[in-house]
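Just so we're aligned: the sequence shown equals residues 2 to 661 in the working numbering. Every residue gets a Cβ at the ideal spot worked out from N, C-alpha and C, and that includes glycine. Just so it is clear, the structure is predicted and the values come from calculations on it, not from any experiment.
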Amino acid sequence: MSAIEEQSINTIRFLAVDAVEKASSGHPGLPMGGAAMAYALWTQFLKHDPSTPDWPDRDRFVLSAGHGSMLLYSLLHLFGYDLSMEEIKNFRQWGSKTAGHPEYSHAPGVETTTGPLGQGFANAVGMAIAEQRLAAEFNREGYPLVDHYTYVYAGDGCMMEGITSEAASLAGHLKLGKLICLYDDNDITIDGRTDIAFTEDTGKRFEAYGWQVIKIEEGNRVELVNEAIAEAKEEEDRPTLIMVKTIIGYGSPNKQGTADVHGAPLGEEEVVKTKKQLGWPEDKEFYIPEAVKLHFAGLREKSKAQKEEWDVLFKDYCREYPEMAEQWDSWFSGQVPDQLAEDPRLLQFDDKPLATRAASGQVMQVLAEYLPNMIGGSADLNSSTKTRLKAFGDFQSDNRSGSNINFGVREHAMGAILSGLCLHGGLRPFGSTFLVFLDYMKAAVRLASLMQLPVIFVYTHDSVAVGEDGPTHQPIEHLANLRSIPHLHVLRPADGVETAAAWLHVIQRRCGPSALILSRQKLPQLPNSGMDALKGGYIISAENGDRLDLIIIASGSEVAPSIEAQEKLQAEGRSVRIVSMVSRELFRAQKESYREEVLPAAVKKRLVVEAAVPMGWEDIAGPGGKVIGLEDFGASAPGEVVMEKRGICAENIYKQALKL
Ligand SMILES: Cc1ncc(C[n+]2csc(CCOP(=O)(O)OP(=O)(O)O)c2C)c(N)n1
Numbered sequence: 002m003s004a005i006e007e008q009s010i011n012t013i014r015f016l017a018v019d020a021v022e023k024a025s026s027g028h029p030g031l032p033m034g035g036a037a038m039a040y041a042l043w044t045q046f047l048k049h050d051p052s053t054p055d056w057p058d059r060d061r062f063v064l065s066a067g068h069g070s071m072l073l074y075s076l077l078h079l080f081g082y083d084l085s086m087e088e089i090k091n092f093r094q095w096g097s098k099t100a101g102h103p104e105y106s107h108a109p110g111v112e113t114t115t116g117p118l119g120q121g122f123a124n125a126v127g128m129a130i131a132e133q134r135l136a137a138e139f140n141r142e143g144y145p146l147v148d149h150y151t152y153v154y155a156g157d158g159c160m161m162e163g164i165t166s167e168a169a170s171l172a173g174h175l176k177l178g179k180l181i182c183l184y185d186d187n188d189i190t191i192d193g194r195t196d197i198a199f200t201e202d203t204g205k206r207f208e209a210y211g212w213q214v215i216k217i218e219e220g221n222r223v224e225l226v227n228e229a230i231a232e233a234k235e236e237e238d239r240p241t242l243i244m245v246k247t248i249i250g251y252g253s254p255n256k257q258g259t260a261d262v263h264g265a266p267l268g269e270e271e272v273v274k275t276k277k278q279l280g281w282p283e284d285k286e287f288y289i290p291e292a293v294k295l296h297f298a299g300l301r302e303k304s305k306a307q308k309e310e311w312d313v314l315f316k317d318y319c320r321e322y323p324e325m326a327e328q329w330d331s332w333f334s335g336q337v338p339d340q341l342a343e344d345p346r347l348l349q350f351d352d353k354p355l356a357t358r359a360a361s362g363q364v365m366q367v368l369a370e371y372l373p374n375m376i377g378g379s380a381d382l383n384s385s386t387k388t389r390l391k392a393f394g395d396f397q398s399d400n401r402s403g404s405n406i407n408f409g410v411r412e413h414a415m416g417a418i419l420s421g422l423c424l425h426g427g428l429r430p431f432g433s434t435f436l437v438f439l440d441y442m443k444a445a446v447r448l449a450s451l452m453q454l455p456v457i458f459v460y461t462h463d464s465v466a467v468g469e470d471g472p473t474h475q476p477i478e479h480l481a482n483l484r485s486i487p488h489l490h491v492l493r494p495a496d497g498v499e500t501a502a503a504w505l506h507v508i509q510r511r512c513g514p515s516a517l518i519l520s521r522q523k524l525p526q527l528p529n530s531g532m533d534a535l536k537g538g539y540i541i542s543a544e545n546g547d548r549l550d551l552i553i554i555a556s557g558s559e560v561a562p563s564i565e566a567q568e569k570l571q572a573e574g575r576s577v578r579i580v581s582m583v584s585r586e587l588f589r590a591q592k593e594s595y596r597e598e599v600l601p602a603a604v605k606k607r608l609v610v611e612a613a614v615p616m617g618w619e620d621i622a623g624p625g626g627k628v629i630g631l632e633d634f635g636a637s638a639p640g641e642v643v644m645e646k647r648g649i650c651a652e653n654i655y656k657q658a659l660k661l
């Protein structure tokens, strides 16, 4: 290793050590152990331009082991990204860009939010899929506009997580040869050595997934890492796992190689000893030698030149293929063509009962004609969730032009892959499964929400009306769960028209994810449903007089029986209004005056009906109101029977209304 390489690597190590020390919290072990391999990747291979962090054809680098955030921040700072020394010194402090774990959109160059182990790995699989899909769409002879690698840095924790297995298995199947994982194989996690819980042959596991596996015994030897990455790039068909043996906390005389250095500051004394051990000035903090500054300035110029070359390529491409340039703009801008909302086919439903999942499938086919960059699929449930885009093929190793991804029975990876597709840019991802299996992918939904990514989650079979499959397949608490996630919009339409409105909303939303909640069972087309559904809640069946005795507020499949109960109540002289609450989030976002119009404060008698736990409806029901919901799991029986036995039917709505 050359002197400047060694100095640069030590700079990365000590920026991390000093930042963690100053913050009195953080994870110094990973940056100290992994600095050399990260240095090799970033200086010899990574295609990026610090002055244009959103360059579409940059290589992606995902730090799946997000606790090692200071490794990434050090690199970003040294390469001249807009991440000042002040920010490094404010690591983990209020208002800084250097959050404890890397957070998307805080610091430039952070490709995704990581911290929950394994999520970043699956995000990276999504990014690698996006690269292949977009390359197939846009590249032309002599114009490799989309041609980049996706690198992911993972630790033992990521390798233990199930989501990584799911995502790696799919990546192997799809032959994502431009996905390269550097595995920081240091045999240490929080509780000690990995052999207390993790003794499998990870390399063999990945080989079985269809990956190329390369082993490096000494992770501090930059030249070995260089050779391995070069070899990985040569392999076109298989993703590559580079298993790099490193020493956690390298350089710390008393702590290296132990769990002590994983997630706690070294301590003043040990910092001094470590600096001494590695020949670093003991009296300096946040020190960057002049030679290192110059070295990185040179590398930065090299990076910039790559981007400038691409700019020329892109300009020529736009000249030669103006129609493709236009398409590029429309794919990457996220704009929805104006004509889409006007297409009459969106609202064409026969006047007969139709499950909202089927209505959704119908609507999606129209949307995809306007938005051919939609991409997604289901976790092996397309025949049930109806999310297959019929006019588009399957994305497979021999067809990168396909828009339908067969995720297999891998909900968790699917969730995080959708975020990866979205983070990459250029595509509009969606993914579907049964609502009850939200549990299998919740962590990924949470992160999409935290990052405010416009990912679309489609959840069908949305209540106990699923029926015979029984309580294991009947979601109860899932709606409350979803609605408790900040930034997520949850929409539960009541019929075909409301389903179309819901899709229009989610497809236009750019600043956060959405969950569409759809029925398995057929629902009648409601005479007064309409685009007011976009307001979240609206009067779908008005009271029959000037007086208003009661408001029934229902969502999805519970709107129709509420209207049935209304008819009976009104026939008996009561004046009852039905509000379809498609989305509480959207309704809450309306003006106070509109909300007052729909739910006048003076009307205290309110009945909320939803086949789910009532949690969260209290403010809408109000102190004088009541919620008809479910307090317990469902049961195995035909759907209508379970609904009736559990009181989700017109008869019970009528009875409870009378009581009120
Ligand atoms: C899903 C999840 N579970 C638990 C944690 C808490 N956690 C953070 S780091 C870590 C151990 C990771 O070990 P490794 O990947 O080997 O990192 P290293 O010790 O090399 O820094 C754990 C359990 C987490 N961040 N995410």
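Are residue i and residue j closer than 8 Å when you measure CB to CB?
{"i": "Ala-502", "j": "Pro-494", "result": "yes"}
{"i": "Arg-141", "j": "Tyr-322", "result": "yes"}
{"i": "Phe-333", "j": "Gly-468", "result": "no"}
{"i": "Gln-8", "j": "Val-226", "result": "no"}
{"i": "Leu-631", "j": "Val-465", "result": "yes"}
{"i": "Lys-234", "j": "Tyr-150", "result": "yes"}
{"i": "His-506", "j": "Leu-492", "result": "yes"}
{"i": "Ile-130", "j": "Leu-422", "result": "yes"}
{"i": "Gly-377", "j": "Gly-432", "result": "yes"}
{"i": "Asp-381", "j": "Val-410", "result": "yes"}
{"i": "Gly-640", "j": "Gln-522", "result": "yes"}
{"i": "Val-498", "j": "His-474", "result": "no"}
{"i": "Ala-566", "j": "Ala-622", "result": "no"}
What's the gap between the Cα of residue i and the Cα of residue j?
{"i": "Ser-576", "j": "Leu-570", "result": "7 Å"}
{"i": "Ser-637", "j": "Pro-476", "result": "13 Å"}
{"i": "Gln-397", "j": "Leu-175", "result": "6 Å"}
{"i": "Gly-531", "j": "Asn-545", "result": "20 Å"}
{"i": "Phe-199", "j": "Ile-189", "result": "10 Å"}
{"i": "Ser-52", "j": "Leu-347", "result": "43 Å"}
{"i": "Ser-65", "j": "Cys-159", "result": "7 Å"}
{"i": "Trp-95", "j": "Ala-414", "result": "32 Å"}
{"i": "Val-459", "j": "Ser-542", "result": "27 Å"}
{"i": "Thr-500", "j": "Val-364", "result": "8 Å"}
{"i": "Arg-585", "j": "Thr-461", "result": "18 Å"}
{"i": "Gly-252", "j": "Asp-19", "result": "14 Å"}
{"i": "Ile-457", "j": "Gln-509", "result": "11 Å"}
{"i": "Pro-343", "j": "Val-337", "result": "Position check: residue 343 holds Glu in this sequence, whereas Pro was assumed. Straight-line Cα distance between these residues: approximately 12 Å."}
{"i": "Phe-408", "j": "Ser-563", "result": "38 Å"}
{"i": "Gly-34", "j": "Leu-480", "result": "43 Å"}
{"i": "Ala-36", "j": "Gly-143", "result": "37 Å"}
{"i": "Tyr-318", "j": "Ala-326", "result": "7 Å"}
Going along the chain, which residues of its own chain have a beta-carbon closer than 7 Å to the beta-carbon of residue i, five neighbours each way excluded?
{"i": "Val-604", "result": "Leu-549, Ile-552"}
{"i": "Gly-156", "result": "Leu-31, Ala-66, Asp-185"}
{"i": "Leu-661", "result": "Leu-551, Lys-606, Leu-608, Lys-627"}
{"i": "Ile-191", "result": "Ala-260, His-263, Gly-264"}
{"i": "Val-147", "result": "Asp-58, Glu-132, Leu-135, Ala-136, Phe-139, Asn-140"}
{"i": "Arg-301", "result": "Pro-51, Phe-80, Gly-81"}
If you drop the 5 nearest sequence neighbours on each side, which residues of the same chain put their C-beta closer than 6 Å to that of residue i?
{"i": "Ala-417", "result": "Gln-120, Ala-123, Asn-124, Ala-445"}
{"i": "Gly-110", "result": "Pro-54, Leu-77, Tyr-82"}
{"i": "Ile-164", "result": "Gly-119, Ala-123, His-413, Ala-414"}
{"i": "Phe-687", "result": "Any answer about residue 687 is impossible in this case: the structure gives the chain only from 2 up to 661."}
Leaving aside the five residues before and after residue i along the sequence, list all residues of the same chain whose C-beta is less than 8 Å from its C-beta, in chain order.
{"i": "Leu-699", "result": "Summary: the structure shown does not reach residue 699, with the chain confined to residues 2 through 661, and so no result is reported for it."}
{"i": "Ile-215", "result": "Ala-229, Glu-232, Ala-233, Thr-241, Leu-242, Ile-243, Met-244"}
| query | Would you call the region 385–392 and the region 356–369 touching, i.e. three or more CB-CB distances under 8 Å? | reply | yes
| message | So, does the region 161–172 touch the region 8–16, judging by three or more C-beta pairs under 8 Å? | response | no
| Is the region 41–52 in contact with the region 278–285, if contact means three or more CB pairs nearer than 8 Å? | no
| Contained alpha helix (DSSP H) runs [length at least 4] in the region 142–212, N- to C-terminal order | 157–161, 163–174, 203–210
| request: Could you tell me whether the region 204–219 touches the region 446–456, where touching means 3 or more Cβ pairs closer than 8 Å? | output: They do not touch, by the three-pair rule.
| request: Decide if the region 554–574 is in contact with the region 607–617; the criterion is three or more beta carbon pairs, one per stretch, under 8 Å apart. | output: yes
| Which ranges does the alpha helix (DSSP H) cover as unbroken runs of at least 4 residues, wholly within the region 327–385, from first to last along the chain? | Counting only runs that start and end inside the region 327–385, the alpha helix (DSSP H) elements of at least 4 residues fall at 339–343, 357–371.
| Segments of 4+ residues assigned as alpha helix (DSSP H) that fall wholly inside the region 481–563 | 497–509
| field | Runs of beta strand (DSSP E) lying entirely within the region 218–271, each at least 3 residues, in chain order | value | 241–245
| query | Residue ranges of each beta strand (DSSP E) run of no fewer than 3 residues wholly in the region 36–77, ordered along the chain? | reply | 61–64
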